[in-house]
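Let me begin by presenting the structure, written as structure tokens, before commenting on it.
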Amino acid sequence: MTILAVDDSTENLIVIKAVLGDAYELCLVKSGKSALKALERSKIDLILMDIQMPEMSGFELMEELEKQDAYKHIPVIFLTGTIKEDIVSQIKKTSAKGFIEKPVDAKILKEKIAFFSKHIRQ
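In our numbering, the protein residues as written are 1026 to 1147.
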């Protein structure tokens, strides 16, 4: 299973790599535009995506993914440092499969990824 992690924070990408790197193939990018390029180049099975990023927010990237037949089936889990009612409401309006609060808890991240890896055809 290949996971695309999109976060403008190098530290967050390092954590994701440390937690998931031994068990999954990872594609780590720092922007929405880079994510779209990665999707063109690689078969991605799951996307972990930050919400607040410069240039293109996670919500804007999600809109792009939902418009494109080639990508709209890929499960997305948002990563967010802000669990406010308006953010949760916005997440629920998307086709995302949920969210994980940052800083990322390794156990929660592994559990969510394990769940999806069982349900994604290889």
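All C-beta atoms, glycine included, are put in the ideal place defined by N, C-alpha and C.
Just so we're clear, the structure is a prediction, and the values are computed from it rather than from any experiment.
Residue i to residue j, Cα distance in whole Å?
| i | j | result |
| --- | --- | --- |
| Leu1053 | Glu1036 | 12 Å |
| Ile1108 | Glu1126 | 7 Å |
| Asp1094 | Phe1124 | 23 Å |
| Ala1060 | Ala1043 | 20 Å |
| Met1026 | Asp1075 | 20 Å |
| Lys1117 | Ser1082 | 16 Å |
Could you have a look at residue i and say whether DSSP puts it in helix, strand or coil?
| i | result |
| --- | --- |
| Met1087 | helix |
| Asp1111 | helix |
| Glu1050 | strand |
| Ile1028 | strand |
| Glu1126 | strand |
| Glu1136 | helix |
What residue does the alpha helix (DSSP H) around residue i start on, and which one ends it?
| i | result |
| --- | --- |
| Val1044 | Thr1035 to Leu1045 |
In the DSSP assignment, the beta strand (DSSP E) including residue i goes from what residue to what residue?
| i | result |
| --- | --- |
| Ala1060 | Here Ala1060 belongs to no beta strand (DSSP E); instead the alpha helix (DSSP H) covers Gly1057 to Arg1066. |
To which residues of the same chain is residue i closer than 8 Å at the C-beta, ignoring the five residues directly before and after it?
| i | result |
| --- | --- |
| Glu1050 | Met1026, Thr1027 and Ile1028 |
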